[in-house]
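Step one of this worksheet: look at the structure below.
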Amino acid sequence: MSTSPNLKSNIKLRSGVSVTSITGKGLYKSFGEGEMRTTAVNDVSIDIKQGEVALMMGPSGSGKTTLLAILSGLLKPDAGKVTALGQDMWALTEREREHFRLKHCSFIFQGYNLFSSLTARQQLEIVAQWGDGASSREARKKADEILDILGLLKKAHLRPGELSGGEKQRVAIGRALIKNPDFCFADEPTSALDWAHGEQVIDILRSAAHDRGCTVLIVAHDARVIPYADKIFYLEDGKMVDDGGKSIHKTYGKMPS
Ligand SMILES: Nc1ncnc2c1ncn2[C@@H]1O[C@H](COP(=O)(O)OP(=O)(O)O)[C@@H](O)[C@H]1O
Ligand SMILES: [Mg+2]
Numbered sequence: 000m001s002t003s004p005n006l007k008s009n010i011k012l013r014s015g016v017s018v019t020s021i022t023g024k025g026l027y028k029s030f031g032e033g034e035m036r037t038t039a040v041n042d043v044s045i046d047i048k049q050g051e052v053a054l055m056m057g058p059s060g061s062g063k064t065t066l067l068a069i070l071s072g073l074l075k076p077d078a079g080k081v082t083a084l085g086q087d088m089w090a091l092t093e094r095e096r097e098h099f100r101l102k103h104c105s106f107i108f109q110g111y112n113l114f115s116s117l118t119a120r121q122q123l124e125i126v127a128q129w130g131d132g133a134s135s136r137e138a139r140k141k142a143d144e145i146l147d148i149l150g151l152l153k154k155a156h157l158r159p160g161e162l163s164g165g166e167k168q169r170v171a172i173g174r175a176l177i178k179n180p181d182f183c184f185a186d187e188p189t190s191a192l193d194w195a196h197g198e199q200v201i202d203i204l205r206s207a208a209h210d211r212g213c214t215v216l217i218v219a220h221d222a223r224v225i226p227y228a229d230k231i232f233y234l235e236d237g238k239m240v241d242d243g244g245k246s247i248h249k250t251y252g253k254m255p256s
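For the sequence shown, numbering that gives the first Met the number 0 assigns the number 0 to the initial residue and increments by one for each residue that follows.
Below, the structure written as structure tokens:
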């Protein structure tokens with residue numbers, strides 16, 4: 000893993016200038032035809048700066064996952080533009096976009112997506128080795144450093160079947176962060192966890208953002224995440240009903256989780 004993107008991020012952060020990391024403008028996405036047509040994302044614009052923790056909230060079915068997929072280059076919008084690190088995401092070829100994601104983005108999903116036959120340590124090592132070209136020794140060192148931060152070093156030799164839900168989610172986060180990504184997209188990363196573990200997860204994501212310049216977008220239901228966010232977006236029926244500030248805390252602070 001090269002340390003230069005990290006260094007660059009820190010230099011930019013220290014200079015005190017907020018660098019726009021990702022923007023979506025006029026995004027639309029609908030599914031189905033005719034009467035079955037659902038507009039999942041309806042004219043949404045969004046802007047997240049480098050090193051920020053942005054939180055996206057809203058009821059089930061409001062378009063959060065769809066918007067996250069569009070912003071991260073996984074799903075093509077019907078209209079609108081996504082610019083990430085100055086790059087028009089949907090002007091890239093499929094292959095270029097894949098390369099962009101591999102190089103810059105990490106994902107944390109609800110279902111962990113861990114390999115059942117690999118130990119916790121190996122889940123991280125393969126990302127460092129195959130994604131970042133680290134030697135097996137470097138990969139092991141990095142994996143152990145991150146597992147230590149996550150409080151999992153003693154369990155490094157265990158496979159997913161031998162880990163609790165909270166531990167699996169922490170392995171998934173370790174795997175997402177080992178490549179020092181520019182972006183981390185997390186869809187409901189705490190929903191399977193009790194709050195003690197959920198809070199740890201959010202704390203780790205926040206330190207990736209604030210200490211390492213990673214731009215973090217978290218989709219969450221749980222209002223307890225709110226104090227950890229720099230910016231909160233609220234979606235309703237595919238529309239952005241509040242964008243950006245933290246005043247939403249007052250309005251939606253008692254949202255059901
Ligand atoms: N692949 C799909 N095919 C058809 N409808 C979809 C698909 N993905 C999402 N939708 C619909 O789009 C709307 C928004 O979904 P989603 O983005 O998953 O919401 P959220 O993550 O906020 O729960 C929902 O009405 C959902 O049923
Ligand atoms: Mg969702």
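We put the beta carbon where it would ideally sit given N, CA and C, even for glycine.
For residue 79, the enclosing beta strand (DSSP E) has its first and last residue at 78 to 83.
Relative to the non-hydrogen atoms of ligand 1, the Cβ of residue 64 comes within a distance shorter than 6 Å of at least one. Counting along the chain, the unbroken alpha helix (DSSP H) around residue 99 starts and ends at 93 to 103.
Along the region 212 to 245, the beta strand (DSSP E) occurs as fully enclosed runs of 3 or more residues at 214 to 218, 230 to 235, 238 to 243, listed in sequence order. Contact between residue 44 and residue 77 is ruled out by a C-beta separation of about 15 Å, above the 8 Å threshold. For residue 39, the shortest C-beta to heavy atom distance toward ligand 1 is below 6 Å.
Cβ neighbours of residue 72 within its own chain (closer than 6 Å, five residues either side excluded): 88, 96, 100. Approximately 7 Å separates the beta-carbon atoms of residue 230 and residue 47; this is inside 8 Å, confirming the contact.
Not one heavy atom of ligand 1 sits closer than 6 Å to the Cβ of residue 106. Taken from the Cβ of residue 184, every heavy atom of ligand 1 lies 6 Å or farther away.
Relative to the non-hydrogen atoms of ligand 1, the Cβ of residue 60 comes within a distance shorter than 6 Å of at least one. As a beta-bridge residue in DSSP terms, residue 21 pairs with 47, 83. Taking C-alpha positions only, residue 163 is separated from residue 124 by approximately 20 Å.
Cα atoms of residue 126 and residue 138: separation of roughly 8 Å, rounded to the nearest angstrom. Taking C-beta atoms as the reference points, residue 145 and residue 173 count as a pair closer than 7 Å.
Taking each of 157, 171, 38, 21 in turn and checking the Cα distance to residue 236, the smallest one comes out for 38. Taken from the Cβ of residue 30, at least one heavy atom of ligand 1 lies inside 6 Å. Annotated three-state conformation of residue 118 is coil, per DSSP. In the DSSP annotation of this structure, residue 152 is not part of any alpha helix (DSSP H), being labelled neither H nor E.
Residue 92 counts as exposed, since fewer than 16 other C-beta atoms from the protein chains shown sit within 10 angstroms of its C-beta.
In the DSSP assignment, residue 56 is bridged to 233.
Looking at the backbone, the Cα of residue 128 and that of residue 135 are separated by about 7 Å. In the structure shown, the three-state DSSP call for residue 191 is coil. In terms of Cβ geometry, residue 22 and residue 82 form a close pair [threshold 7 Å].
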